[in-house]
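Visitor: Dropping a structure here in structure tokens format, bear with me for questions.
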Amino acid sequence: MQYKQTDSTYIIKIEPGERVVETITEFCKEHEIQNASFTGIGAVKELTCGYYELSEKKYYFTDYDTMVEVLSLTGNVILKDGEPFVHVHGVFSGTDNKAFGGHIQKMTVGVTLEMVLRAYATDLERELDEEIGLFLIQCGS
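Going by our numbering, the sequence shown opens with residue 784, and the numbers climb by one from there.
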């Protein structure tokens with residue numbers, strides 16, 4: 784991974800073979816970033832993405848073990864149990880140029896992933912929402 788910082792914004796290049804969620808998590812820990820938002824584009828070679836079925840309080844995931852374009856990647860970093868927690872969604876396309884996407888469970892860079900991460904001087908946390916079944920952002924007001 785390479786990066787350049789300007790104020791509270793980081794331009795990040797994640798290299799082939801790097802796992803995206805883990806790389807962002809470690810980056811945030813090393814730079815003491817508690818809350819952030821990010822976007823990205825590139826290409827990945829391994830991807831697990833899916834959706835949350837509210838009625839079952841369960842995620843359903845599909846694995847893709849082929850190179851796909853990252854058309855749009857968006858997410859945030861919010862503390863969960865005192866540690867940076869990366870929440871990512873993405874839109875992708877394969878060789879047929881048909882788009883698909885969802886909540887990202889894991890993703891490995893295939894060519895490059897170019898990201899812009901903006902850190903925030905806040906310490907928001909996620910807490911379990913029993914009704915929804917997920918750890919959601921608690922804004923306090």
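Beta carbons are placed, not taken as given, at the ideal position from N, Cα and C, and that holds for glycine.
Just so we're clear, the structure is a prediction, and the values are computed from it rather than from any experiment.
Give the straight-line distance between the Cα atoms of residue 894 and residue 825, rounded to the nearest whole angstrom.
Guide: Residue 894 and residue 825: Cα-Cα distance of roughly 7 Å.
Visitor: Using a beta-carbon distance below 7 Å, is residue 890 in contact with chain D?
Guide: The structure shown contains no chain D; it holds only a single protein chain.
Visitor: How would you label residue 837, buried or exposed, when you count the other beta carbons within 10 angstroms and need 16 or more for buried?
Guide: The residue in question, residue 837, is exposed, as its Cβ has fewer than 16 Cβ neighbours within 10 Å.
Visitor: Quick one: Cα of residue 864 to Cα of residue 854, how far?
Guide: Approximately 31 Å between the Cα atoms of the pair.
Visitor: Our contact map puts residue 892 next to residue 801 with C-beta atoms below 8 Å; I'd like the distance itself, whole angstroms only.
Guide: Confirmed, Cβ separation roughly 5 Å.
Visitor: Measuring CB atoms only, is the region 806-821 touching the region 841-855, in the sense that at least three cross pairs come out at less than 8 Å?
Guide: No: the two stretches stay apart, fewer than three of their Cβ pairs being nearer than 8 Å.
Visitor: Let me confirm a value: residue 975 is counted as buried when at least 16 other C-beta atoms fall within 10 Å, else exposed. Which label applies?
Guide: An answer regarding residue 975 cannot be provided, because it is not within the stretch 784 to 924 covered by the chain.
Visitor: Could you tell me whether the Cβ atoms of residue 861 and residue 871 are closer together than 7 Å?
Guide: No, Cβ-Cβ distance for residue 861 and residue 871 is not below 7 Å.
Visitor: Please name the residue in 822, 784, 913, 906 whose C-alpha comes closest to that of residue 873.
Guide: Cα-wise, what sits closest to residue 873 is 822.
Visitor: Which first and last residues belong to the beta strand (DSSP E) in which residue 897 is found?
Guide: Counting along the chain, the beta strand (DSSP E) containing residue 897 begins and ends at 882-903.
Visitor: For residue 832, count neighbouring C-beta atoms within 10 Å of its own C-beta (all shown protein chains included) and say buried if the count is 16 or more, exposed if not.
Guide: Buried.
Visitor: Since I believe residue 784 is in contact with residue 797 (beta carbons under 8 Å), could you give me their beta-carbon distance rounded to a whole number of angstroms?
Guide: That belief holds up - the Cβ atoms of residue 797 and residue 784 are roughly 5 Å apart, short of 8 Å.
Visitor: In terms of alpha-carbon separation, which member of 875, 911, 901, 841 lies closest to residue 787?
Guide: For the residues 875, 911, 901, 841, the minimum Cα distance to residue 787 belongs to 901.
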